[in-house]
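Chains as they are written, first to last, in the numbering used here: chain A, 1 to 247; chain B, 1001 to 1285; chain C, 2001 to 2240.
Ideal placement from N, C-alpha and C gives every residue a C-beta, glycine not left out.
Note that this is a predicted model, so its numbers are computed, not measured.
Here's the structure, in structure tokens; my notes come after.
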Ligand SMILES: Nc1ncnc2c1ncn2[C@@H]1O[C@H](COP(=O)(O)OP(=O)(O)O)[C@@H](O)[C@H]1O
Ligand SMILES: [Mg+2]
């Protein structure tokens, strides 16, 4: 955690029309750090994480990723995004491509790898997420857990420095959650910088270096998982945890 | 899909075999029971049949029907009748007739042997021939000059056929109606517009600058206009012809002609002696 | 008194050649217009879904302007309206080299392009926005995301309504006879004038159009099956 920060939010403010969704966010995430973002629904977690790769623009403050601004005018977003992988709640595999083709697409089209190189790398990634034998399956013929693992492999194919996860297990049946969390855990152990929006408190406890708790567009508290789960400092954090844990 | 094709073919064949279903009733009977003689005529062929400035549907042909044919048909059915007009164009007029939508085509239809195979024609009530309308000073002076030139004609007209068959070197462009063909001439899409001379005189008279245009060439076709009827309905044809014949004999026809084509008429087009002789020859004079 | 059918008029004399010529002209006119319409439809349909407002407005103006004026008017526009803007010599050259065909092709292509773009737009909009986000999140540009993901998926979804539009285009190609293009309907009318056998000529035309339409429908059904996305059966309804 001593390395230069990978992501820095400075005085970030964002509105959707009149709705003030991010309020004065100041947050830094170090290289190799795994941060779990949690908070009630509608608190702005997704919006926060989507600002990191420019899927949402902010109206105030700035965000720097790997030392380069995301929020300045005229930023080359495609170039920046090759260094930041993202995994969505709804998998978002491309339905007209097989698992292998999904993974090979960006390396071929953006990194300009040859077909053979891209395929070799893609098969290696499929092996990493335990799905070699599903290479030629279309998304419709994969379970939710398998689709999400392919989606992770697809994001990794660009060899990103940072991975963003927006509730990657929320759309999954309970028996498939662990296969995805296992992949994420391995990734964290390998030293990937990760920003995860998730309510999987077990995962947060085991893997995260830090938990960021948000409510109503604000960062209410930041703490180690141990400290946060043992005794949140804020009243809202307590309420939130009691709801999650009794649930 | 194959099945659909088969069904359609069967339907088409059925239509073919169902010929007699399209059988036609006796027109006089029909008029007697309905009290209406329905004619198919034009809305934009002055002075034969057109909508005038007062929004009335009038013209030479319409007068012939009202003043000569109608009394004669009334006599044949023994009661007074009304004349109703429907729009008919060269492509639609024969179908309108065969489908019983109209009883009589009274427009600017040329009587040809081919058409006589599917309809009957009354006595000729007007005689003209095909010529060319060109911009003044055009190198086209007659049909001998049209090689390689772009010539507009009206789709379905007899003169288009003649050009196509006898002068294939001309580039024929066929338009469905007169305004489009004339527009093409005005703008230079074509070098000449060919149609029956009388029609061309009508167009010229209506043009923004009539003096910019010339009607040139001898009649390269004979265009006797007749009224068309369903084929084989001899009683109806007799009634229509009797009306026209009576008009020629009494001179009423020539009065009507004068009203539209005389010096003070809508379109001055004095009747030449050969034409008058041709018309009268029909009634044995 | 009855109508006597004489089907031989369809193959005696020049009828057969005319029908064939008309058929070829109709196919040529429709095929070129279709290519133009699909190209315009894809561009305009895609632009109507992008974030950048000026492009969206431009595409919307094209669509609303062209699809809300009758095709006949566009035929006249391209044949009578456009040539006077060109130098006289160019006009003459065009008039001697099938200007009416090209005018008809443009009218048909631009008009149906506007209509097809609506079909394509509805196809694109039926794809979740997150598919686009997933594409650009990997580093694809907006253009690449449309070309590689959004359009390939949308085009597969819209085959049925696009078939419908293609059939409309084919049938509408007959409007070109108003500017003297000698296509199939023109030739059937010609046979009718020459032979005065209206029902026979109309039947011939009808059967040819029908066979053409059925063939297109069959081809498109094959295309749909061939490129079906596994597991995706969601379909987009016909264009409004
Ligand atoms: N594209 C959008 N347009 C308008 N409002 C939005 C949009 N996306 C999110 N919001 C609103 O912003 C707030 C924060 O949303 P989000 O970041 O998705 O919260 P979370 O992920 O914590 O549930 C919510 O009130 C949500 O309704
Ligand atoms: Mg969310």
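Rounded straight-line distance, which links the Cα of residue j to that of residue i
{"i": "residue 1142(B)", "j": "residue 1105(B)", "result": "31 angstroms"}
{"i": "residue 2203(C)", "j": "residue 1248(B)", "result": "42 angstroms"}
{"i": "residue 1075(B)", "j": "residue 1235(B)", "result": "12 angstroms"}
{"i": "residue 1161(B)", "j": "residue 1155(B)", "result": "9 angstroms"}
{"i": "residue 2060(C)", "j": "residue 2167(C)", "result": "24 angstroms"}
{"i": "residue 234(A)", "j": "residue 49(A)", "result": "22 angstroms"}
{"i": "residue 2135(C)", "j": "residue 2145(C)", "result": "6 angstroms"}
{"i": "residue 1082(B)", "j": "residue 1028(B)", "result": "13 angstroms"}
{"i": "residue 94(A)", "j": "residue 2131(C)", "result": "7 angstroms"}
{"i": "residue 2012(C)", "j": "residue 2004(C)", "result": "17 angstroms"}
{"i": "residue 2157(C)", "j": "residue 139(A)", "result": "16 angstroms"}
{"i": "residue 178(A)", "j": "residue 2219(C)", "result": "46 angstroms"}
{"i": "residue 1223(B)", "j": "residue 2119(C)", "result": "51 angstroms"}
{"i": "residue 19(A)", "j": "residue 2111(C)", "result": "42 angstroms"}
{"i": "residue 2083(C)", "j": "residue 1276(B)", "result": "45 angstroms"}
{"i": "residue 199(A)", "j": "residue 211(A)", "result": "11 angstroms"}
{"i": "residue 121(A)", "j": "residue 82(A)", "result": "16 angstroms"}
{"i": "residue 2023(C)", "j": "residue 2086(C)", "result": "31 angstroms"}
{"i": "residue 100(A)", "j": "residue 2138(C)", "result": "15 angstroms"}
{"i": "residue 1265(B)", "j": "residue 1108(B)", "result": "18 angstroms"}
{"i": "residue 1127(B)", "j": "residue 1241(B)", "result": "16 angstroms"}
{"i": "residue 152(A)", "j": "residue 2036(C)", "result": "40 angstroms"}
{"i": "residue 1278(B)", "j": "residue 1123(B)", "result": "11 angstroms"}
{"i": "residue 1103(B)", "j": "residue 1097(B)", "result": "6 angstroms"}
{"i": "residue 2185(C)", "j": "residue 1284(B)", "result": "43 angstroms"}
{"i": "residue 219(A)", "j": "residue 70(A)", "result": "20 angstroms"}
{"i": "residue 53(A)", "j": "residue 2162(C)", "result": "36 angstroms"}
DSSP-derived helix/strand/coil call for residue i
{"i": "residue 1244(B)", "result": "helix"}
{"i": "residue 1283(B)", "result": "coil"}
{"i": "residue 2030(C)", "result": "helix"}
{"i": "residue 1963(C)", "result": "Because chain C in this structure spans residues 2001 to 2240, residue 1963(C) falls outside the shown range and cannot be described."}
{"i": "residue 2035(C)", "result": "helix"}
{"i": "residue 1140(B)", "result": "coil"}
{"i": "residue 2146(C)", "result": "helix"}
{"i": "residue 1124(B)", "result": "coil"}
{"i": "residue 2195(C)", "result": "helix"}
{"i": "residue 2022(C)", "result": "helix"}
{"i": "residue 2101(C)", "result": "helix"}
{"i": "residue 2126(C)", "result": "coil"}
{"i": "residue 1038(B)", "result": "strand"}
{"i": "residue 2082(C)", "result": "coil"}
{"i": "residue 2045(C)", "result": "helix"}
{"i": "residue 1021(B)", "result": "Any reading at residue 1021(B) needs caution, since the residue's pLDDT is 41, under 50, leaving its predicted position unreliable; the model's value is listed next. Helix, per DSSP."}
{"i": "residue 37(A)", "result": "strand"}
{"i": "residue 73(A)", "result": "coil"}
CB-CB length for residue i against residue j, believed under 8 angstroms
{"i": "residue 1219(B)", "j": "residue 1131(B)", "result": "7 angstroms"}
{"i": "residue 2103(C)", "j": "residue 2078(C)", "result": "4 angstroms"}
{"i": "residue 1195(B)", "j": "residue 1144(B)", "result": "Between residue 1144(B) and residue 1195(B) the Cβ distance is about 18 angstroms, and since that is not below 8 angstroms, they are no contact."}
{"i": "residue 1213(B)", "j": "residue 1136(B)", "result": "6 angstroms"}
{"i": "residue 1133(B)", "j": "residue 1253(B)", "result": "Actually they are not in contact, since the Cβ atoms of residue 1133(B) and residue 1253(B) sit about 28 angstroms apart, beyond 8 angstroms."}
{"i": "residue 1172(B)", "j": "residue 1153(B)", "result": "6 angstroms"}
{"i": "residue 2148(C)", "j": "residue 2123(C)", "result": "Not quite, the Cβ-Cβ distance comes to about 16 angstroms (not below 8 angstroms), so this is no contact."}
{"i": "residue 2177(C)", "j": "residue 2213(C)", "result": "Between residue 2213(C) and residue 2177(C) the Cβ distance is about 18 angstroms, and since that is not below 8 angstroms, they are no contact."}
{"i": "residue 2015(C)", "j": "residue 2208(C)", "result": "Rounded, the Cβ-Cβ distance is 12 angstroms, inconsistent with contact."}
{"i": "residue 2007(C)", "j": "residue 2200(C)", "result": "6 angstroms"}
{"i": "residue 2117(C)", "j": "residue 2045(C)", "result": "4 angstroms"}
{"i": "residue 2181(C)", "j": "residue 2066(C)", "result": "About 20 angstroms separates the two Cβ atoms, so there is no contact after all."}
Check: residue i C-beta below 7 angstroms from any heavy atom of ligand 4
{"i": "residue 1204(B)", "result": "With respect to ligand 4, the structure offers nothing, as its ligand set consists of ligand 1 and ligand 2."}
is_contact[residue i, chain D] using C-beta, thresh 8 angstroms
{"i": "residue 2083(C)", "result": "Protein chains A, B and C are contained in the structure displayed, whereas chain D is not."}
* Enumerate, from N- to C-terminal direction, the unbroken beta strand (DSSP E) stretches of 3 or more residues contained entirely within the region 139-223 of chain A. => Annotation note: the region 139-223 of chain A contains the following uninterrupted beta strand (DSSP E) runs of length 3 or greater, listed N- to C-terminal: 162-166, 193-197, 210-215, 218-223.
* **Shell residues, 5 angstroms Cβ cut-off relative to heavy atoms of ligand 1** => The answer, residue by residue, is 16(A), 21(A), 41(A), 42(A), 43(A), 44(A), 45(A), 46(A), 47(A).
* Segments of 3+ residues assigned as beta strand (DSSP E) that fall wholly inside the region 1066-1119 of chain B -> Listed in chain order, they are 1082-1087.
* To do: Give, in chain order, every unbroken run of the beta strand (DSSP E) that is at least 3 residues long and sits entirely within the region 1165-1248 of chain B.
  => For the region 1165-1248 of chain B, whole beta strand (DSSP E) runs of length 3 or above, ordered along the chain, are 1171-1175, 1192-1196, 1213-1216, 1223-1225, 1228-1230.
* In chain order, each alpha helix (DSSP H) run of at least 4 residues that lies wholly inside the region 87-122 of chain A -> Every alpha helix (DSSP H) stretch that sits fully inside the region 87-122 of chain A and reaches 4 residues is listed by chain position as 99-109.
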